[in-house]
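Shown next, in structure tokens, is the structure this report addresses.
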Amino acid sequence: MITLNRDRLFIQKDQDVVILRNRVKEYATKIGMGLVNQTKLITGASELVRNMLRYAQGGEVLIEVVSRGRENGIRLTFSDRGPGIADLNKAMQDGFSTGRSLGLGLPGTKRLMSEFSIKSAVGEGTTVTVIKWKNG
Amino acid sequence: MDRIPILKMGQFLLVTIQIDLYDRIALNLETDLVQMIHKTGARGVLIDISAVSIVDSFMGRILGNIATMSKILDAETVVVGMQPAVAITLVELGLPLNGVFTALNVERGMILLQSRLASDPDEEEDEDDNPE
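Chains A and B, in that order, give the protein sequences.
Throughout the first sequence, residue numbering follows the UniProt record's numbering, covering 1 to 136 in sequence.
Throughout the second sequence, residue numbering follows the UniProt record's numbering, covering 1 to 132 in sequence.
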């Protein structure tokens, strides 16, 4: 996979959610991603950034334009230094939430994305990487 | 801008969301709407989201909360104008918009609210023939 372009955003307050959504939209538009995929990508990004704010009081998002073969896509990496997730399998189940949310954030976002991976260590933080291919 | 304007239209309240909401504005809208229903005795709330490009689970929860709170105050909520891409995304995300009525556009939303009021036996509304 080749990275063509990248951008880094720091997330600290809830207004940053809108800034991130706009930035992701810019990148998705630039590679000509269709409206439905764009909406899925931005909605997923919105879920993940909210998780980051709620559980880790913020963090950092890396936005990258990536290409593999003839495919172009957007890769987003959300990293925080929050409390980490004790049971990843549970966190990936629909309806499970330790906060007061609907528990859709992680499993729902996985459904919206082309690729999804999560790494977490208790006491160290969580990193979520997602890719949405332009036609995926 | 920290508040979404709420317009009174007869027995209904009309809200047009023209910006992508961040959390504070969405929560303010929830509170403002409930207070406005109480103050005006409105029987229905129509929320137009045609300009909203993203509905995530937080926003969905707010819409659900508004519907539930309104219901407790005896007012129905109809969300109208959802963009097709938003509808597709919501379903894949798995977000149920429980208790929220939806209609394609403002016009149909109004008809829906009026028909719900008309079917309420306590209400003395002259029932006009349903224009289909």
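Note that CB positions come from ideal geometry on N, CA and C, so glycine has one too.
Since we're looking at a predicted model, the values are computed, not measured.
- S70 of chain B sits in a helix when the DSSP states are folded into three classes.
- With a minimum length of 3 residues, the unbroken runs of beta strand (DSSP E) contained wholly in the UniProt domain "Histidine kinase/HSP90-like ATPase" (36–136) of chain A fall at 59–68, 71–80, 115–121, 125–133.
- DSSP lists B:G44 as the bridge partner or partners of E76 of chain B.
- Check the Cα spacing between I85 of chain A and each of A:V128, A:G136, A:D16: the tightest is with A:V128.
- For T77 of chain B against F101 of chain B, the beta-carbon gap comes to about 7 Å, under 8 Å, which counts as contact.
- T89 of chain B belongs to the set of residues whose beta carbon lies under 9 Å from a beta carbon in chain A.
- Close partners of D14 of chain A in chain B (Cβ separation under 9 Å): Y22, D23, R24.
- Interface residue (Cβ-Cβ distance to chain B less than 9 Å): L112 of chain A is classified as such.
- Apart from sequence neighbours up to five positions away, the residues of its chain that approach G123 of chain A with a beta-carbon distance below 8 Å are P83, G84, ordered along the chain.
- Listed in chain order, the positions of the stretch 23–53 of chain B with a beta carbon within less than 9 Å of a beta carbon of chain A are D23, R24, S53.
- Note on geometry: alpha-carbon atoms of L95 of chain B and G60 of chain B lie some 7 Å from one another.
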